[in-house]
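Chains as they are written, first to last, in our numbering: chain L, 1 to 200; chain D, 201 to 402.
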């Protein structure tokens, strides 16, 4: 069973690792990936809850000899919102031996109010390991997840563990959404900004 | 000529039997995935079974009302084991039986609701509906789902057994682009369907 982080020391450590991959206080629209990350692929946000996606991620981490990854909720704020309400942080450390059922149980865990389970109320999330060469950021509102890499070799290795249709161009992801939902112009402007910001 | 109290009781008994059968059907529907439920509802609407069930629900309430304090002011005509063909009830008495009006409104909603599969490339199953978040939530609560709201009020969950709907009436952030939606997860707690509700930003 995976628990929410509850000690300040664990929170500080998890946040320090986060900031090796993502810049502090930079929104997903603006591209928060740290300097050196130049390769980005998009995917449907809800895939992070799927067994196939989880298994692909774990298999990649096994290949990399990583021991764990971190699920870090960026919005709502893990301190100002989550800790202030529930005296714990909306962050979990997942040893690679964690089963998919334990992973999804953690995301469905009731922190003190059932509707605040991460699977229901985490808006922006990050996933990363202690090896700052890859990272995932995702937004429920924007309906996109983005995985970033520092080099092509790691990207190729990562995507090889997933179904070939999982990762697509960020533009393609937004085109798919537009085709499905007939998005408003305001939304398309945000998408255009993101496509530019992740093309740097 | 008004039916006797004994006749009304007989009608009532037969109707209750019909309604129990209908309720079993509803329970079976709730155990299906949402899309299976939508398909079943669609078939039911097209065949007239749902309208019949709703009409019978109205009749049940009329009979209940009529066999209470107002026996002489209501009557049910028709073959209760088959189609209910006609209701005879003074207008004023229908108004007093508030539940009848509520069920009639539900029938209107059911007739006008649409659920269309809009799943796109590279996406989980997506269903578009003209049902609003309010209607959606009310329907789930009436079906026995338990409601819970996040501490910031931005999301609502409805759970019943292992089934859960996570409803977001609007985007959680100002840069959000998703409209109102409900995420359905099944017994395995896995997200399986996204329902695009009416009233969203898209």
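Idealized CB from N, CA, C, for every residue including glycine. Here the structure is a predicted model, which is why all the values come from computation and not from measurement.
Helix, strand or coil: how does DSSP classify residue i here?
| i | result |
| --- | --- |
| residue 373(D) | coil |
| residue 351(D) | coil |
| residue 391(D) | strand |
| residue 317(D) | strand |
| residue 20(L) | helix |
| residue 334(D) | helix |
| residue 140(L) | coil |
| residue 14(L) | helix |
| residue 356(D) | strand |
| residue 382(D) | strand |
| residue 187(L) | helix |
| residue 327(D) | strand |
| residue 170(L) | helix |
| residue 162(L) | coil |
| residue 147(L) | strand |
| residue 180(L) | helix |
| residue 38(L) | coil |
| residue 26(L) | coil |
| residue 340(D) | helix |
| residue 195(L) | helix |
| residue 265(D) | For residue 265(D), the pLDDT reaches just 49, beneath the cut-off of 50, and the residue's location in the model is therefore unreliable, although a value from the coordinates is still provided. Here residue 265(D) sits in helix by DSSP. |
Taking only beta-carbon positions, decide if residue i is within less than 9 Å of chain L.
| i | result |
| --- | --- |
| residue 395(D) | no |
| residue 318(D) | yes |
| residue 356(D) | yes |
| residue 333(D) | no |
| residue 284(D) | Unreliable positioning characterises residue 284(D) in this predicted model, as indicated by a pLDDT of 32, which lies under 50. The coordinate reading is nonetheless provided below. For residue 284(D), the answer is no, since every Cβ of chain L falls outside 9 Å of its Cβ. |
| residue 348(D) | yes |
| residue 385(D) | yes |
| residue 360(D) | no |
| residue 330(D) | no |
| residue 391(D) | yes |
| residue 379(D) | yes |
| residue 366(D) | yes |
| residue 398(D) | no |
| residue 323(D) | yes |
| residue 403(D) | What is shown of chain D runs 201 to 402, which leaves residue 403(D) out entirely. |
| residue 351(D) | yes |
If we define contact as Cβ-Cβ less than 9 Å, is residue i a contact residue for chain D?
| i | result |
| --- | --- |
| residue 41(L) | no |
| residue 94(L) | no |
| residue 57(L) | no |
| residue 117(L) | yes |
| residue 202(L) | Within the shown structure, residues of chain L are numbered from 1 to 200, placing residue 202(L) beyond reach of any answer. |
| residue 1(L) | no |
| residue 5(L) | no |
| residue 78(L) | no |
| residue 113(L) | yes |
| residue 29(L) | yes |
| residue 81(L) | yes |
| residue 90(L) | no |
| residue 12(L) | no |
| residue 196(L) | no |
Please find out if some non-hydrogen atom of the ligand PLP comes closer than 8 Å to the beta-carbon of residue i.
| i | result |
| --- | --- |
| residue 53(L) | Because no ligand of any kind appears in the structure shown, any question about the ligand PLP cannot be addressed here. |
Can the beta-carbon of residue i be found less than 9 Å from the beta-carbon of residue j?
| i | j | result |
| --- | --- | --- |
| residue 120(L) | residue 318(D) | no |
| residue 373(D) | residue 324(D) | no |
| residue 111(L) | residue 352(D) | no |
| residue 73(L) | residue 90(L) | yes |
| residue 173(L) | residue 398(D) | no |
| residue 180(L) | residue 320(D) | yes |
| residue 355(D) | residue 368(D) | yes |
| residue 190(L) | residue 375(D) | yes |
| residue 385(D) | residue 360(D) | no |
| residue 370(D) | residue 380(D) | yes |
| residue 45(L) | residue 142(L) | yes |
| residue 395(D) | residue 332(D) | no |
| residue 133(L) | residue 151(L) | yes |
| residue 86(L) | residue 94(L) | no |
| residue 161(L) | residue 60(L) | yes |
Compare the C-beta of residue i with all C-beta atoms of chain C and state if any pair is closer than 9 Å.
| i | result |
| --- | --- |
| residue 121(L) | Looking at the structure shown, chain C is missing, and the protein chains on hand are L and D. |
Original post:
Are there three or more Cβ pairs, one per stretch, closer than 8 Å when the segment 110–121 of chain L is compared with the segment 5–22 of chain L?
Top reply: With a cut-off of 8 Å, the segment 5–22 of chain L and the segment 110–121 of chain L do not count as touching, because too few Cβ pairs lie within range.
Original post:
Do three or more CB pairs link the segment 336–343 of chain D to the segment 189–196 of chain L at distances below 8 Å?
Top reply: Proximity of the segment 336–343 of chain D to the segment 189–196 of chain L falls short of the contact definition, fewer than three beta-carbon pairs being nearer than 8 Å.
Original post:
Curious, which full-length beta strand (DSSP E) runs of at least 3 residues does the segment 44–120 of chain L contain?
Top reply: Qualifying beta strand (DSSP E) stretches, in chain order: 68–75, 91–95.
Subject >> Sufficient close CB pairs (3 or more, under 8 Å) joining the segment 21–37 of chain L to the segment 132–141 of chain L >> reply: The answer is yes - the segment 132–141 of chain L touches the segment 21–37 of chain L, with three or more Cβ pairs under 8 Å.
Original post:
Is the number of C-beta pairs between the segment 37–53 of chain L and the segment 76–85 of chain L that are closer than 8 Å three or more?
Top reply: Proximity of the segment 37–53 of chain L to the segment 76–85 of chain L falls short of the contact definition, fewer than three beta-carbon pairs being nearer than 8 Å.
Original post:
Does the segment 63–74 of chain L come close enough to the segment 122–133 of chain L to have 3 or more Cβ pairs within less than 8 Å?
Top reply: Contact holds: three or more Cβ-Cβ distances are below 8 Å.
Original post:
Does the segment 160–176 of chain L come close enough to the segment 37–46 of chain L to have 3 or more Cβ pairs within less than 8 Å?
Top reply: Counting C-beta pairs closer than 8 Å gives three or more between the segment 160–176 of chain L and the segment 37–46 of chain L, which meets the contact rule.
**OP:** Examine the Cβ distances between the segment 140–149 of chain L and the segment 99–109 of chain L and report whether three or more of them are shorter than 8 Å.
**Re:** Contact between the segment 140–149 of chain L and the segment 99–109 of chain L is not established, with fewer than three Cβ pairs separated by less than 8 Å.
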